[in-house]
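Structure first, then comments.
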Amino acid sequence: MNQKKVQRLMKLFGLSSQIRRKHKYSSYQGEVGKKADNLIQRQFEAANPMEKCYTDVTEFAIPNSTHKLYLSPVLDGFNSEIIAYNLSTSPNLEQVKSMLDQSFTEEHYENTILHSDQGWQYQHQY
Numbered sequence: 001m002n003q004k005k006v007q008r009l010m011k012l013f014g015l016s017s018q019i020r021r022k023h024k025y026s027s028y029q030g031e032v033g034k035k036a037d038n039l040i041q042r043q044f045e046a047a048n049p050m051e052k053c054y055t056d057v058t059e060f061a062i063p064n065s066t067h068k069l070y071l072s073p074v075l076d077g078f079n080s081e082i083i084a085y086n087l088s089t090s091p092n093l094e095q096v097k098s099m100l101d102q103s104f105t106e107e108h109y110e111n112t113i114l115h116s117d118q119g120w121q122y123q124h125q126y
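Going by full-length UniProt numbering, the sequence shown opens with residue 1, and the numbers climb by one from there.
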């Protein structure tokens, strides 16, 4: 029996199906802080190491489990190398702080652009 036949029969008997969609991870929790200007302007390549770095939090579902893991890496725009990362069971501010401490020394603070999606984790002052 093909899909069209099933559709016709369901319509005939007044039946409808409900599609359950997977819940997608969203870090949005409303306006947290001031958003920074977009200094990158889609020019992702960097001429020097540690000139432009990129970060985000990514959710991974663990197969055969209800648990999830959250990865927060820092990628160097010069050679696409992952400078540092943090893996956590919840997407929280401590995860991002730990990842930033691993990634940058004080000499990088003035010469590096850190680009993110500006989710709530990245809008806090640190």
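By construction, the Cβ of each residue, glycine as well, lies at the ideal position given by its N, Cα and C atoms.
On the DSSP bridge assignment, give the partners of residue i in chain order.
i     : result
LEU87 : LEU71
ILE82 : LEU75
GLU59 : TYR70
Can you look up residue i in the DSSP assignment and give me helix, strand or coil?
i           : result
GLU106      : helix
LEU93       : helix
residue 129 : One cannot answer for residue 129 here, as it falls past the ends of the chain, which runs 1 to 126.
LEU114      : strand
GLN9        : In the sequence as presented, Gln is not what sits at residue 9; that position holds Leu. Helix, per DSSP.
Beta-carbon separation of residue i and residue j under 9 Å?
i     : j     : result
PRO91 : ALA84 : no
PHE78 : LYS52 : yes
Relative to the C-alpha of residue i, which candidate in the options has its C-alpha closest?
i     : options                           : result
MET99 : TYR70, ALA46 and GLY77            : TYR70
GLU94 : THR105, GLN121, GLU110 and HIS115 : GLN121
Can you grab the Cα-Cα spacing for the pair residue i / residue j, in whole Å?
i     : j      : result
SER88 : GLN118 : 19 Å
MET50 : ASP101 : 14 Å
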